[in-house]
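What follows is one structure encoded as structure tokens, with my remarks underneath.
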Ligand SMILES: Cc1ncc(COP(=O)(O)O)c(C=O)c1O
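In our numbering, the protein residues as written are 706 to 1082.
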């Protein structure tokens, strides 16, 4: 059975690529390549508004909050509804109440903001807020018409979530003079270990999936290496440059084809849901795909406790569906009940460019079969 989802494997051929980054992707005053998304957020915050309160969305992962904790910046949260949309009235109230120096928002699943969300973000700028836009869920690199990455004073995207690079995050800065110079980028041993460990683990996974297979313990080994690398990042989100070998891997990617394939795969899953009884168990968070958007996953909502049972059973079917995200402890369950509701029900089906539309039929089939076995719904 074909394994679907999980960390991107790395074809060793990409490491030997002599391709160079196209002009639009080269580092310059407006664009930098850092090791991680959280490092890029920390760099943007530290160089724009290193002191004062930041306003963050209540639907986020620990790693988006980590940079502010590390900088010692107080954070407050604005509500995200259970459809992953900003509670605009609450955002406005929080701005008035806390007068934050900066605001971060996330383009969930690479989807564009609605006009009232955009307006509220723009209004925050009028209060002097520096805006960080987190476009980690896809759609920012692959085309000029991408709907994500348009609003922020700084735009961040952690590439390893949707491309086979061992590490690397994009940081685009609208107006370089808006940043001071009080954060420097200096490589260190731990940073290099992160890139190295992930490179080795990705190569091993490639061999396991597409090569000679390797020893039986290979799978456990690369899983351990991925999780060890993650611990390095959780321990420190200091901004370091991306490892030098991520650039040729990125240069070797056909980003236009990747986007086209993700869009095709999204359409295949949306159609599978439309023409089946899958909605009895799971409701897609999005049913249509705006122009230019290319999410890295197809999020569906499944009521507890079926959600967790399903995810576990699907691992046995070699279909890996992450929860994006379990919320940080700092998010109060009562005050942010909608975000909790979303977090308790979401699971994300893989649809990235490693897979074809036929694979998506298979995803829908494995999902339906497993759901039918588990629930008498
Ligand atoms: C939306 C979003 N932004 C930023 C990050 C942090 O990226 P990194 O793990 O590269 O630090 C993550 C990580 O999961 C994320 O989901």
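Even for Gly, the Cβ is constructed at its ideal location relative to N, Cα and C.
What you are looking at is a predicted structure, and each value in this text was computed from that prediction instead of being measured.
Contact check, residue i vs residue j, beta carbons under 8 Å
i, j, result
"residue 947", "residue 1037", "no"
"residue 1072", "residue 842", "no"
"residue 741", "residue 938", "yes"
"residue 785", "residue 1043", "yes"
"residue 876", "residue 745", "yes"
"residue 815", "residue 975", "no"
"residue 774", "residue 793", "no"
"residue 739", "residue 945", "yes"
"residue 1029", "residue 1045", "no"
Buried or exposed (CB count within 10 angstroms, at least 16 for buried), residue i
i, result
"residue 734", "exposed"
"residue 968", "buried"
"residue 912", "buried"
"residue 1019", "buried"
"residue 880", "exposed"
"residue 728", "exposed"
"residue 706", "exposed"
"residue 954", "buried"
"residue 831", "exposed"
"residue 844", "buried"
"residue 1074", "exposed"
"residue 772", "buried"
"residue 966", "buried"
"residue 856", "buried"
"residue 984", "exposed"
"residue 819", "exposed"
C-alpha distance - residue i paired with residue j, whole-angstrom precision
i, j, result
"residue 824", "residue 796", "11 Å"
"residue 807", "residue 920", "50 Å"
"residue 747", "residue 780", "13 Å"
"residue 783", "residue 791", "8 Å"
"residue 1067", "residue 980", "14 Å"
"residue 840", "residue 1080", "36 Å"
"residue 847", "residue 1058", "12 Å"
"residue 1078", "residue 1016", "13 Å"
"residue 859", "residue 962", "26 Å"
"residue 1052", "residue 973", "18 Å"
"residue 716", "residue 943", "28 Å"
"residue 787", "residue 987", "15 Å"
"residue 798", "residue 851", "30 Å"
"residue 910", "residue 964", "23 Å"
"residue 941", "residue 749", "16 Å"
"residue 960", "residue 849", "12 Å"
"residue 926", "residue 896", "20 Å"
"residue 768", "residue 982", "36 Å"
"residue 864", "residue 711", "15 Å"
"residue 827", "residue 760", "14 Å"
"residue 803", "residue 1027", "34 Å"
"residue 812", "residue 861", "10 Å"
"residue 900", "residue 835", "30 Å"
"residue 905", "residue 714", "10 Å"
"residue 1086", "residue 829", "The shown model of the chain, from 706 to 1082, leaves out residue 1086, and the question about it has no answer."
"residue 1039", "residue 1012", "22 Å"
"residue 903", "residue 934", "7 Å"
"residue 743", "residue 917", "35 Å"
"residue 978", "residue 1041", "29 Å"
"residue 868", "residue 1076", "30 Å"
"residue 866", "residue 833", "31 Å"
"residue 958", "residue 874", "15 Å"
"residue 853", "residue 1060", "23 Å"
"residue 1063", "residue 951", "30 Å"
"residue 908", "residue 723", "18 Å"
"residue 730", "residue 737", "9 Å"
"residue 1021", "residue 1070", "14 Å"
Whole-number beta carbon distance between residue j and residue i, since they are thought to touch under 8 Å
i, j, result
"residue 776", "residue 762", "No, residue 776 and residue 762 are not in contact; Cβ-Cβ is about 18 Å, not under 8 Å."
"residue 720", "residue 956", "Rounded, the Cβ-Cβ distance is 11 Å, inconsistent with contact."
"residue 931", "residue 971", "That pair is no contact at about 26 Å."
"residue 837", "residue 1055", "Their Cβ separation, rounded to whole angstroms, is 27 Å, which puts residue 837 and residue 1055 out of contact at 8 Å."
"residue 994", "residue 789", "About 15 Å separates the two Cβ atoms, so there is no contact after all."
"residue 752", "residue 884", "4 Å"
"residue 770", "residue 1035", "7 Å"
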